[in-house]
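A.B. asks: Reminder that position 211 of the sequence shown reads as 210 in numbering that gives the first Met the number 0, one-by-one numbering, no gaps. Glycine included, C-beta positions come from ideal geometry on N, C-alpha and C. Keep in mind the model is a prediction, meaning the values are calculated, not measured. First, the structure itself, so that you have it in front of you.
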Amino acid sequence: MKWLISLIIIVVVVVALLIPGSRDYLNNLTSVSPCDSPLTYKIGSIDSRFGLSNTEVSNDIDEATSLWSNAEGKNLFEESPKSQMTVNFIYDQRQQLDTQIQNLQSQLNSKNQNLQQQISAYYQQSAQLKQQIAQLNAQIQSWNDKGGAPASVYDQLIQQQKNLQNEANQLNQTAKQLNLSTNDYNSQVHNLNQDVNQFNATLSIKPEEGLYDPNNDTITIYFASNHDELIHTLTHEFGHYLGMGHVQDPNAIMYAYSTSNLKITQDDINELHYVCRKQDVFVLWLYDFRVYLHQTIQNLQNQTSTTN
Ligand SMILES: [Zn+2]
């Protein structure tokens, strides 16, 4: 009886395979892609120093993930409170330094503008004073050539000379103050440069402004200088979540270093299509089995080495 059932199954399968289109149907059944159904995520903790509400973060993630979804022509990500994958915003040294740099820069800009105005006013007053001194000297010279000024004119000339001397003293005072302000400005520029150097040094150790950690099922955002940079980082880390690796094009979203670029390049699209390609279930199963076998052998080796 058993052989009859087996024979019927074989005949049904062979006949089914002969029907046009049935092979494609079977292929579809056994081929899967990680992009078949949306990957889920939930929003975890957001450090208040980022100044972003939950809704703003949710909208930012929507904006970021839709770049991938639009490129693939289907919804690739979905927010779900039940998801294991959590997006956290953790304020780190880079955000602190970046905020510090931006504040110092705007303070210095307004100070510089103010100083420039004061310096140009000083030069204008100096030039006027020089002209007045030259006119007075010419008058004195002319009276001297005539053998001396009458007493009333002499007193007037002395008074003018005193007034100009006072003005010169005041201008010298202004020059000293401007010099002090310029020194103070330069030392603040020095501080700013030190902050920028420290920021760049930290950035060279941690080039990415976020991190996707598959072991802990988290995406962490550490800092962003502006909105575009945040969207770029979110898009980049969600790309990693989908399984994408880094690409060579410096303008690409999946380039290893952060930029404010929000346009998906051909390198990004190639990587996205590669990750979303259909793969045979059997091949995937073989891959999983190979990983499992590798891990088992390693565990066994570790056990043997510790017992030795
Ligand atoms: Zn990366």
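Among Asp-212, Leu-103, Gly-238 and Leu-292, whose alpha-carbon lies nearest the alpha-carbon of Glu-358?
C.D. replies: Past the edges of the chain, shown from 0 to 307, lies residue 358, and the structure says nothing about it.
A.B. asks: If you measure from the CB of Ala-174, is any heavy atom of ligand 1 nearer than 7 Å?
C.D. replies: As a working note, residue 174 is residue 175 in the sequence shown. The answer is no for Ala-174.
A.B. asks: Tell me the start and end of each unbroken beta strand (DSSP E) in the region 156-242 that is at least 3 residues and wholly inside, in chain order.
C.D. replies: Complete beta strand (DSSP E) runs here, min 3: 209-212 and 217-220.
A.B. asks: Does the beta-carbon of Ile-45 have 16 or more other beta-carbons within 10 angstroms, so that it is buried, or is it exposed?
C.D. replies: What you label residue 45 is simply residue 46 of the sequence shown in a count that begins at 1. By the 10 Å Cβ count, Ile-45 comes out buried.
A.B. asks: Thinking C-alpha only, which one of Leu-38, Ala-133 and Asn-74 is nearest Gln-160?
C.D. replies: As a working mapping, residue 160 is identified with position 161 in the sequence shown. Checked all of Leu-38, Ala-133 and Asn-74; the closest Cα to Gln-160 is Ala-133.
A.B. asks: Taking just the CA atoms, how far does Arg-276 sit from Ile-310?
C.D. replies: Outside the displayed range of the chain (0 to 307) lies residue 310, so it cannot be described from this structure.
A.B. asks: Helix, strand or coil, according to DSSP, for Val-31 in the structure here?
C.D. replies: On the sequence shown, residue 31 is found 32 positions in, with the first residue counted as 1. Strand, per DSSP.
A.B. asks: Quick check on the burial criterion: 16 or more other C-beta atoms within 10 angstroms. Buried or exposed for Gly-209?
C.D. replies: On the sequence shown, residue 209 is found 210 positions in, with the first residue counted as 1. Buried, by the Cβ-count rule.
A.B. asks: Quick check: what's the CA-CA separation for Gln-116 versus Gly-43?
C.D. replies: Residue numbering aside, residue 116 sits at position 117 when the sequence shown is read from its first letter. Residue numbering aside, residue 43 sits at position 44 when the sequence shown is read from its first letter. Distance between the alpha carbons of Gln-116 and Gly-43 is about 50 Å.
A.B. asks: Quick check: Ala-62 and Ile-296, are their CB atoms within less than 8 Å of each other?
C.D. replies: What you label residue 62 is simply residue 63 of the sequence shown in a count that begins at 1. What you label residue 296 is simply residue 297 of the sequence shown in a count that begins at 1. Looking at the sequence shown, residue 62 is not Ala but Glu. Not in contact: Glu-62 and Ile-296 (Cβ atoms no closer than 8 Å).
A.B. asks: Quick one: what's got a C-beta closer than 6 Å to Thr-234's C-beta in the same chain, skipping five residues either side?
C.D. replies: Taking the first residue of the sequence shown as 1, we reach residue 234 at position 235. Counting only Cβ-Cβ distances below 6 Å, and skipping sequence neighbours, we find Ala-63, Leu-66 and Ile-252.
A.B. asks: Using a Cβ-based criterion (distance less than 7 Å to any ligand heavy atom), does Glu-207 qualify as near ligand 1?
C.D. replies: Taking the first residue of the sequence shown as 1, we reach residue 207 at position 208. Yes - ligand 1 has a heavy atom lying nearer than 7 Å to the Cβ of Glu-207.
A.B. asks: What's the call for Glu-236, buried or exposed, on a 16-neighbour Cβ count within 10 Å?
C.D. replies: On the sequence shown, position 237 is the one that residue 236 refers to. Flag for Glu-236 reads buried.
A.B. asks: Short check: CB of Asn-219 to CB of Asn-87, under 8 Å?
C.D. replies: Numbered from 1 along the sequence shown, position 220 holds the residue referred to as residue 219. Numbered from 1 along the sequence shown, position 88 holds the residue referred to as residue 87. According to the sequence displayed, residue 219 carries Thr and not Asn. The answer is yes: Cβ separation under 8 Å.
A.B. asks: Taking the continuous alpha helix (DSSP H) assigned at Lys-110, which residues delimit it?
C.D. replies: Within the sequence shown, numbered from 1, the residue matching residue 110 stands at position 111. Looking at the DSSP string, the run of the alpha helix (DSSP H) that includes Lys-110 is 92-144.
A.B. asks: Please list the terminal residues of the continuous beta strand (DSSP E) segment that includes Tyr-256.
C.D. replies: To locate residue 256, count along the sequence shown from 1; it is residue 257. No beta strand (DSSP E) holds Tyr-256; DSSP gives it neither H nor E.
A.B. asks: Could you give the C-beta distance for Gly-242 and Pro-33, rounded to a whole number, given that I count them as a contact under 8 Å?
C.D. replies: Residue 242 sits at position 243 when you count from the first residue of the sequence shown. Residue 33 sits at position 34 when you count from the first residue of the sequence shown. Yes, Gly-242 and Pro-33 are in contact; Cβ-Cβ is about 6 Å, under 8 Å.
A.B. asks: Please report the straight-line C-alpha distance between Ile-118 and Asn-171, rounded to a whole angstrom.
C.D. replies: For the purposes of this step, residue 118 is taken as residue 119 along the sequence shown, with counting starting at 1. For the purposes of this step, residue 171 is taken as residue 172 along the sequence shown, with counting starting at 1. So the alpha carbons of these two residues sit roughly 12 Å apart.
A.B. asks: Grouping DSSP H, G and I as helix and E and B as strand, with all else coil, what is Gln-247?
C.D. replies: Position 248 of the sequence shown, counted from the first residue, corresponds to residue 247. Residue state, collapsed to three classes: coil.
A.B. asks: Rounded to a whole number of angstroms, what is the C-alpha to C-alpha distance between Ser-57 and Gln-197?
C.D. replies: Stepping through the sequence shown from its first residue, residue 57 is reached at position 58. Stepping through the sequence shown from its first residue, residue 197 is reached at position 198. Their Cα atoms are separated by approximately 32 Å.
A.B. asks: With H, G and I counted as helix, E and B as strand and the rest as coil, what does DSSP make of Lys-262?
C.D. replies: Walking along the sequence shown from the start, residue 262 turns up at place 263. In the structure shown, Lys-262 sits in coil (DSSP, three-state: anything other than H, G, I, E or B).
A.B. asks: Comparing C-alpha positions only, which one of Tyr-291, Ala-70 and Gln-164 sits nearest to Lys-129?
C.D. replies: As a first step, residue 129 is located in the sequence shown; it is residue number 130 there, counting from the start. Lys-129 has its Cα closest to that of Gln-164, out of Tyr-291, Ala-70 and Gln-164.
A.B. asks: Over what stretch of residues does the beta strand (DSSP E) that includes Leu-38 continue unbroken?
C.D. replies: Translated into the one-based positions of the sequence shown, residue 38 becomes position 39. Start and end: 38-45.
A.B. asks: Report buried or exposed for Thr-306, applying the criterion of at least 16 other Cβ atoms within 10 angstroms of its Cβ.
C.D. replies: Counted from its first residue, the sequence shown places residue 306 at position 307. Bear in mind that the predicted position of Thr-306 carries a pLDDT of just 46, short of 50, making it too unreliable to give a figure here.
A.B. asks: Based on DSSP bridge pairs, tell me the residues matched to Glu-78.
C.D. replies: Mapped onto the sequence shown, residue 78 falls at position 79. For Glu-78, which the question treats as bridged, DSSP gives the partners Tyr-40.
A.B. asks: So, at 8 Å on beta carbons, what are the nonlocal neighbours of Asn-111 in its own chain, with the 5 sequence-adjacent residues on each side left out?
C.D. replies: The sequence position of residue 111 within the sequence shown is 112, counting from 1. Cβ within range, chain order: Tyr-184.
A.B. asks: Run the proximity test for His-231: is its beta-carbon closer than 7 Å to any non-hydrogen atom belonging to ligand 1?
C.D. replies: In the sequence shown, residue 231 corresponds to position 232, counting from 1. False, no ligand heavy atom lies under 7 Å from that Cβ.
A.B. asks: Taking 8 Å as the CB-CB cut-off, is Trp-67 touching chain B?
C.D. replies: The structure shown contains no chain B; it holds only a single protein chain.
A.B. asks: Decide if Ala-223 is buried, meaning its Cβ has at least 16 other Cβ atoms within 10 Å, or exposed.
C.D. replies: One-based indexing of the sequence shown puts residue 223 at position 224. Result: buried.
A.B. asks: Say yes only if the C-beta of Ala-126 is nearer than 7 Å to one or more non-hydrogen atoms of ligand 1, and no if none qualify.
C.D. replies: As a first step, residue 126 must be located in the sequence shown, where it is residue number 127. Every heavy atom of ligand 1 is 7 Å or more from the Cβ of Ala-126, so no.
A.B. asks: Under 8 Å Cβ to Cβ from Val-31, same chain only, skipping five residues before and after it: list those, please.
C.D. replies: Numbered from 1 along the sequence shown, position 32 holds the residue referred to as residue 31. Answer for Val-31: Lys-277, Gln-278, Val-280 and Leu-283, listed in chain order.
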